[in-house]
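In UniProt numbering, the protein residues as written are 1 to 450.
Ideal Cβ positions, reconstructed from N, Cα and C, are used throughout, including at glycine.
Just so we're clear, the structure is a prediction, and the values are computed from it rather than from any experiment.
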C-alpha cells in the first residue's frame, strides 16, 4: 500500500495544490512556514477512512483551523478594517495503490463547524472494512496489515505512544493503529514498555519450561527481537551495538563500541528521538502482524510520515539517518521533510520535492542532481541559501575584495585595506583568499609582459 498523489483545496496555505509521491521515499523541502508540515498533516487526514475501520482507532479530521484564510478588506471613510475570510470547501484528495489496485478518494469539510466527509472515500473505507472482516471471521495469519505512523517535531515531548504491551500480544491486531497519526512519541514511555516486555519475556520462558512447551515461541521475545533489531539498524552507524534492560541497574542501557555501556537517560535528544521512533514503529508492526515475529520490521509494508527527519541530529548522522531508517523498514513508504543539505545528499534527486513560493503561487521543483553531492552545493542549488552568511560585514568585505581582484584593482588603497582586515579575520585559513593570491600572481605576470 502506498499513496502516489495528494490534492489540496483551501487547506491551510494551499489554494489549489497537487504533489506526487515516490513509491519508496519522498523528501519535501521548503522554508519555514511554507507548507511542509501541512502536507504531512493532510496525508494523515487522507488515511483516516482506513484507520477508522478499526476498533479504538480515531481518524484525523479536517478542523476549522485548517481552513485557508484570505484577506477581506472593508473600506470605510477614514480607515480600512482588515478581516480574514474562511474559504470553503476544504478538500483533501488522494490517489494510491492498495493490493495492487489504483484507487482515488477524497475528504471534505464543507462549512464551519461541520464534519469531515468520508462519502467520497468509499474505496479506502471498503479496504479497511475488508481487512477488519477478514481478521474477525477468518483470522488468517497471512493477512498483512500495513503500518501507518506520523512522527512530528514534538516526538520527544509527549507520552501518548508505545501503549502498554499486554499478554494477548498476538490478538487485537488493529491496536497497532492506536494513536498512530498523533505526531508525537515518547522516550520515557518506551523505557517503561521495554522493561515490561523484558520482564514478561522472562516470565513466559519460565511458564513454557514449567508446562513442558519449550518448543513454543515466546511472543515477548519475538517483539523484543524486532524492536531491538530495528533500533540498532537505525543507530548502528553511530557506533551503537545493542540495547537492553538491565535488571541489575533497573534501567534501560545501550552499548557503544567505544563508550561502553550507558543508561538511556545519558543520551542526547537526537539519539533518544531516533530510538523512540524506531521502537514505536517496530512495535506497531509486531502488533499488526504478530506472525511475522522478529521479521515484522523487515516485511511489514505501510506509510510513515516524519517531520524534520534531521531534528536534533549531528550533520554526520544527518548523512545516515534516511538510509538507516529505510534499511530498518525496507517495505515502508516514507514521506519526510527536512532543512538539511546533509540529508538531501543521501537521497536521489527524483525523491526530492522543493516547494517554491512566488507571489502567493507555488511551484514544485525537482533537482537535477543530489545523491552523493557536496552539501554546500545542495544548500545553494536546492535550498537557495548562500554558502556564506550574507549579513556579516566581513563577508561583504570578502566579496568586495574578490571583485576588486577580478577587476585588476588588487593593488588599490581600498583593496589593501580590505586585505589587511581579511587576513586578520581568516588567519590564513580562507580558501577564497588563497585562490585570489594565485589569481593576483597570474595577473601581475601578464601585466608585466605588456
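With a CB to CB cut of under 8 angstroms and the five nearest residues on each side skipped, what residues in its chain are close to residue i?
| i | result |
| --- | --- |
| residue 10 | 67, 68, 87, 88, 89, 90, 91 |
| residue 18 | 5, 6, 7, 8 |
| residue 402 | 432, 436 |
| residue 426 | 433 |
Given a threshold of 16 other Cβ atoms within 10 Å of its Cβ, counted over all protein chains shown, does residue i qualify as buried or as exposed?
| i | result |
| --- | --- |
| residue 360 | exposed |
| residue 32 | exposed |
| residue 412 | exposed |
| residue 50 | buried |
| residue 351 | buried |
| residue 392 | exposed |
| residue 429 | exposed |
| residue 20 | exposed |
| residue 324 | buried |
| residue 239 | exposed |
| residue 16 | exposed |
| residue 399 | exposed |
| residue 100 | exposed |
Between which two residues does the beta strand (DSSP E) holding residue i run?
| i | result |
| --- | --- |
| residue 149 | 147 to 151 |
| residue 410 | First-last for residue 410: undefined, no H or E at that position. |
| residue 9 | 2 to 11 |
| residue 256 | 251 to 256 |
| residue 338 | 332 to 338 |
| residue 341 | Not the beta strand (DSSP E): residue 341 falls in the alpha helix (DSSP H), residues 341 to 344. |
| residue 451 | The question about residue 451 has no answer here: the residues shown for the chain are numbered 1 through 450. |
| residue 25 | 25 to 29 |
| residue 101 | 101 to 109 |
| residue 308 | Neither: residue 308 is in no beta strand (DSSP E) and is coded neither H nor E. |
| residue 454 | With the chain covering only 1 through 450, there is no way to say anything about residue 454. |
| residue 265 | Residue 265 -> no beta strand (DSSP E), and no H or E assigned at all. |
Output needed for residue i: all residues of its chain with C-beta closer than 7 angstroms, excluding positions within five of it in sequence on either side, in chain order.
| i | result |
| --- | --- |
| residue 379 | 341, 385, 387 |
| residue 311 | 153, 273 |
| residue 103 | 96, 123, 124 |
| residue 112 | 64, 86 |
| residue 449 | none |
| residue 288 | 145, 147, 173, 176, 300 |
| residue 395 | 388, 389 |
| residue 121 | 49, 105, 106, 107 |
So, using beta-carbon positions, are residue i and residue j closer together than 8 angstroms?
| i | j | result |
| --- | --- | --- |
| residue 107 | residue 118 | yes |
| residue 36 | residue 30 | yes |
| residue 297 | residue 334 | no |
| residue 226 | residue 286 | yes |
| residue 13 | residue 46 | no |
| residue 177 | residue 274 | no |
| residue 343 | residue 318 | yes |
| residue 322 | residue 346 | yes |
| residue 372 | residue 314 | no |
| residue 356 | residue 26 | no |
| residue 397 | residue 416 | no |
| residue 197 | residue 230 | no |
| residue 232 | residue 242 | yes |
| residue 303 | residue 1 | yes |
| residue 316 | residue 349 | no |
| residue 320 | residue 444 | no |
| residue 60 | residue 181 | yes |
| residue 332 | residue 306 | no |
| residue 138 | residue 54 | no |
| residue 194 | residue 220 | no |
| residue 149 | residue 284 | yes |
| residue 62 | residue 116 | yes |
Residue i lies in the alpha helix (DSSP H); which residues open and close that run?
| i | result |
| --- | --- |
| residue 245 | Run containing residue 245: none in the alpha helix (DSSP H); it sits in the beta strand (DSSP E), 240 to 246. |
| residue 235 | 219 to 235 |
| residue 313 | Run containing residue 313: none; DSSP gives neither H nor E here. |
| residue 381 | 375 to 381 |
| residue 435 | 431 to 449 |
| residue 272 | 269 to 288 |
| residue 133 | 122 to 137 |
| residue 323 | 321 to 328 |
| residue 45 | 36 to 46 |
| residue 119 | Careful: residue 119 lies outside any alpha helix (DSSP H) and carries neither H nor E. |
| residue 182 | Counting along the chain, residue 182 falls outside any alpha helix (DSSP H), and DSSP gives it neither H nor E. |
| residue 298 | 296 to 299 |
Which same chain residues, not among the five before or five after residue i, have their C-beta less than 6 angstroms away from its C-beta?
| i | result |
| --- | --- |
| residue 93 | 7, 106 |
| residue 293 | 222 |
| residue 48 | 59, 60 |
| residue 434 | none |
* Asked: Would you say the segment 173 to 185 touches the segment 132 to 151, given that touching needs at least three Cβ pairs under 8 angstroms?
  -> Between the segment 173 to 185 and the segment 132 to 151, the count of Cβ pairs shorter than 8 angstroms is three or higher; the stretches touch.
* Touching or not, the segment 208 to 220 and the segment 247 to 254, by the rule of three or more beta carbon pairs under 8 angstroms? -> By the Cβ test, the segment 208 to 220 is not in contact with the segment 247 to 254, since fewer than three Cβ pairs between them sit closer than 8 angstroms.
* Asked: Would you call the segment 251 to 260 and the segment 315 to 329 touching, i.e. three or more CB-CB distances under 8 angstroms?
  -> The way I'd put it, the segment 251 to 260 doesn't touch the segment 315 to 329; fewer than three beta-carbon pairs between them come closer than 8 angstroms.
* Decide yes or no for the touch test of the segment 368 to 377 against the segment 405 to 424: beta carbon pairs closer than 8 angstroms, at least 3 of them. => Counting C-beta pairs with one atom in each stretch, the segment 368 to 377 and the segment 405 to 424 have fewer than three that are closer than 8 angstroms, which means they do not touch.
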